[in-house]
Amino acid sequence: LDLRVGGKGVGKESVYVYHGCTIGATFVSILESIVKFIKDNPGEFLFLDIVFEYGRKITDEQRSFLFDVIKSSVGDNAITKEDKADWFKTSDVTLGQLAEHKKN
-11 LDLRVGGKGV GKESVYVYHG CTIGATFVSI LESIVKFIKD NPGEFLFLDI
39 VFEYGRKITD EQRSFLFDVI KSSVGDNAIT KEDKADWFKT SDVTLGQLAE
89 HKKN
């Protein structure tokens, strides 16, 4: 999933998904749907590409909130820097390796 995020307003939870000039749902509501999908479909896996939408301001508080909510929601399933250094190579990772390391 390609999620482009940016702040709207000043509240720490005011982080939304954007596509160009179109604003979508809050990032938290999208992430809740993703977590539900993962729990309902344990054999599936998702690639999330989360980037800051060009031209959208985001406060330090919003950025910190964003990282915290990602970590608390999907942290155990996320590929870490350590995974990249140890076993995860985008060019040749297998579904078996993802399952073995509980990254599904």
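Position one of the sequence shown corresponds to residue -11 (my numbering), numbered consecutively onward. Note that CB positions come from ideal geometry on N, CA and C, so glycine has one too.
Hey, could you find the ends of the beta strand (DSSP E) residue i is sitting in?
i	result
residue -8	-10 to -5
residue 37	37 to 40
residue 5	3 to 7
With distances taken Cα to Cα, identify the nearest neighbour of residue i among the options.
i	options	result
residue 40	68, 20, -9	-9
residue 6	27, 23, 33, 42	42
residue 64	-5, 26, -6, 8	26
residue -6	89, 45, 22, 79	45
residue -4	22, 28, 47, 8	47
residue 62	11, 74, 21	21
residue 92	4, 49, 67	67
Tell me the rounded alpha-carbon separation between residue i and residue j.
i	j	result
residue 35	residue 81	13 angstroms
residue 24	residue 32	12 angstroms
residue 30	residue 19	16 angstroms
residue 76	residue 9	35 angstroms
Determine the extent of the alpha helix (DSSP H) in which residue i is found, giving its start and end residues.
i	result
residue 22	15 to 28
residue 81	First-last for residue 81: undefined, no H or E at that position.
residue 57	48 to 62
Assuming residue i and residue j are in contact, meaning their beta carbons sit under 8 angstroms apart, how far apart are those beta carbons, in whole angstroms?
i	j	result
residue 37	residue 83	Not really, about 19 angstroms apart at Cβ, beyond 8 angstroms.
Flag this pair as touching only if the segment 12 to 28 and the segment 51 to 65 have three or more C-beta atom pairs under 8 angstroms; answer yes or no. Output reads yes: the segment 51 to 65 touches the segment 12 to 28.
Counting Cβ pairs closer than 8 angstroms, one from the segment -2 to 7 and one from the segment 47 to 55, do we hit at least three? These segments touch.
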